[in-house]
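Numbering (this note's numbering), first residue to last: 647 to 796.
Report on one structure; see the data block that follows.
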Amino acid sequence: MSLRVRRARVEDVEQIVAFNLAMAAETEDKGLDPDVLRRGVEYLINRHEEGVYLVAETGARLVGSSMVTFEWSDWRNGRFWWIQSVYVAIESRRQGVYSALHEWIRVAALRDPQGCGIRLYVEKDNSAAQGTYHALGMKETVYDLYEEEF
Numbered sequence: 647m648s649l650r651v652r653r654a655r656v657e658d659v660e661q662i663v664a665f666n667l668a669m670a671a672e673t674e675d676k677g678l679d680p681d682v683l684r685r686g687v688e689y690l691i692n693r694h695e696e697g698v699y700l701v702a703e704t705g706a707r708l709v710g711s712s713m714v715t716f717e718w719s720d721w722r723n724g725r726f727w728w729i730q731s732v733y734v735a736i737e738s739r740r741q742g743v744y745s746a747l748h749e750w751i752r753v754a755a756l757r758d759p760q761g762c763g764i765r766l767y768v769e770k771d772n773s774a775a776q777g778t779y780h781a782l783g784m785k786e787t788v789y790d791l792y793e794e795e796f
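Here's what the structure looks like:
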């Protein structure tokens, strides 16, 4: 499969929304509001200072996407690139799509003068994803994630 990774454009919004709806249902058995999600995707596509959406394509067909947001680290005086909202189309899994997205992010973060690393969070029971991240050179941290949603 010939893959190309690029920054998402406005014309990719509907496919990214579809990917995110599928990912939320598949990984968390969670339904998302498509209108809220669409506005969220459009927001980030239009505000590169806060992050970026990426898409992986083969020919004219999108086969995966990922979102990256930025977090400032005062301890490192640098910016972490957070990998989020990863989705690879079912028929394109185990064909290097995530690896291509990951490598694009890693290289961009290394080139960022303020880049200090890449991070992501993963479901505790998702051993397949954990194995992929480990194989790509990532290491598990000592942190657990806490949140309060509004």
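Yeah, the Cβ is synthetic: ideal placement off N, Cα and C, and Gly gets one too.
Every value quoted in this text rests on a predicted model; they were computed, and no experiment measured them.
For the beta strand (DSSP E) that contains residue i, what are its first and last residues?
| i | result |
| --- | --- |
| valine 734 | 724-734 |
| valine 701 | 697-704 |
| valine 768 | Here valine 768 belongs to no beta strand (DSSP E), and DSSP marks it neither H nor E. |
| valine 714 | 707-719 |
| valine 651 | 650-653 |
Between which two residues does the alpha helix (DSSP H) containing residue i stretch?
| i | result |
| --- | --- |
| valine 682 | 680-691 |
| serine 744 | The sequence given here has tyrosine at residue 744, not serine. Unbroken alpha helix (DSSP H) run through tyrosine 744: 743-757. |
| valine 659 | 659-674 |
Would you mind working out which of the options sits nearest residue i, comparing C-alpha positions?
| i | options | result |
| --- | --- | --- |
| valine 664 | Val734, Thr778 and Ser738 | In the sequence under discussion, the amino acid at residue 664 is alanine, which differs from the valine named in the question. Checking every option, the nearest Cα to that of alanine 664 belongs to Val734. |
| arginine 684 | Asn666, Ser648 and Gly724 | Asn666 |
| phenylalanine 726 | Thr704, Thr778 and Cys762 | Cys762 |
| threonine 787 | Tyr767, Ile729 and Leu678 | Tyr767 |
| serine 712 | Leu747, Ser773 and Asn723 | Leu747 |
| aspartate 592 | Asn723, Val659, Arg655 and Trp750 | With the chain covering 647 to 796 only, the question about residue 592 has no answer from this structure. |
| glycine 705 | Arg652, Leu678, Glu688 and Trp750 | Arg652 |
| tyrosine 779 | Glu793, Glu795, Ala754 and Glu749 | Glu749 |
Is any heavy atom of the ligand HEM found at a distance shorter than 6 Å from the C-beta of residue i?
| i | result |
| --- | --- |
| valine 698 | The ligand HEM is not part of the structure shown, which contains no ligands of any sort. |
Is residue i helix, strand or coil when you go by DSSP?
| i | result |
| --- | --- |
| threonine 787 | coil |
| glycine 761 | strand |
| glycine 777 | helix |
| glutamate 794 | coil |
With a cut-off of 8 Å on the beta carbons, I'd call residue i and residue j a contact; round off their distance for me.
| i | j | result |
| --- | --- | --- |
| tryptophan 623 | arginine 765 | Lying before the first or after the last residue shown, residue 623 is absent from the chain, which here runs from 647 to 796. |
Worksheet entry | At least three beta-carbon pairs within less than 8 Å, the stretch 736-743 to the stretch 760-774 | no
Worksheet item: Is the stretch 714-725 touching the stretch 667-674 in the sense that three or more CB pairs, one from each, lie closer than 8 Å?
Response: no
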